[in-house]
Amino acid sequence: MITIHLRYEIDADKLDDFRTYGQEWIRLVTKLGGTHHGYFLPSEGDSDEAFALFSFDSFASYEQYRIAAASDPECIAAFDFAKTTQCIRRYERRFLSPVFE
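Residue numbers 68 to 168, in my numbering, belong to the letters of the sequence shown in order.
Quick look at the structure:
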């Protein structure tokens, strides 16, 4: 299993737009075979940092998701929404191996 950790630098004034973006990606990751563990938005502390976690059975499954997302109309629309609203300033992606027991 591989878990993808995303750290976002967001525009704190566009938190509602980022929430909409995140809610859409939770659905899309699930649709394309992953397990989404949620988006984590600012509450206390830094107001411009958010996180997301989602998993796939393998790195190969994640790569298939990336290929599918690149041509999926709903995924393209979600990317376009983030560009249009400029709710995301930048992001970092990390690949992790979870331990559950």
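By construction, the Cβ of each residue, glycine as well, lies at the ideal position given by its N, Cα and C atoms.
Q | With 16 other Cβ atoms within 10 Å as the buried cut-off, status of L99 | A | In the sequence shown, the residue the question calls residue 99 occupies position 32. Buried, by the Cβ-count rule.
Q. DSSP state of F167, grouped into three classes?
A. Position 100 of the sequence shown holds residue 167. Coil.
**Q.** Beta carbon of A79 nearer than 8 Å to that of S114
**A.** Mapped onto the sequence shown, residue 79 falls at position 12. Mapped onto the sequence shown, residue 114 falls at position 47. A contact, by the Cβ cut-off of 8 Å.
Q. Counting along the chain, where does the alpha helix (DSSP H) carrying E141 start and finish?
A. On the sequence shown, residue 141 is found 74 positions in, with the first residue counted as 1. Element bounds for E141: 140-152.
(Q) Which residue marks the beginning of the alpha helix (DSSP H) containing E111, and which one marks its end? (A) Here residue 111 refers to the residue found at position 44 when the sequence shown is read from its first residue. It is not in any alpha helix (DSSP H) - E111 carries neither H nor E in the DSSP assignment.
Q. Is I71 near R133, with beta carbons less than 8 Å apart?
A. Within the sequence shown, the letter at position 4 stands for residue 71. Within the sequence shown, the letter at position 66 stands for residue 133. No.
(Q) By DSSP's criteria, R74 is part of a beta bridge. Which residues make up the other side? (A) As a working mapping, residue 74 is identified with position 7 in the sequence shown. R74 pairs with F118, E159.
**Q.** Limits of the unbroken alpha helix (DSSP H) element including G100
**A.** Numbered from its first residue, the sequence shown carries residue 100 at position 33. Run containing G100: none; DSSP gives neither H nor E here.
Q.
Quick check: what's the CA-CA separation for Y158 versus L73?
A. Looking up residue 158 in the sequence shown gives position 91. Looking up residue 73 in the sequence shown gives position 6. Roughly 7 Å between the two C-alpha positions.
Q: Using alpha carbons as the reference points, say which of A119, V96, S110, C142 lies closest to L163.
A: Residue numbering aside, residue 163 sits at position 96 when the sequence shown is read from its first letter. It is A119.
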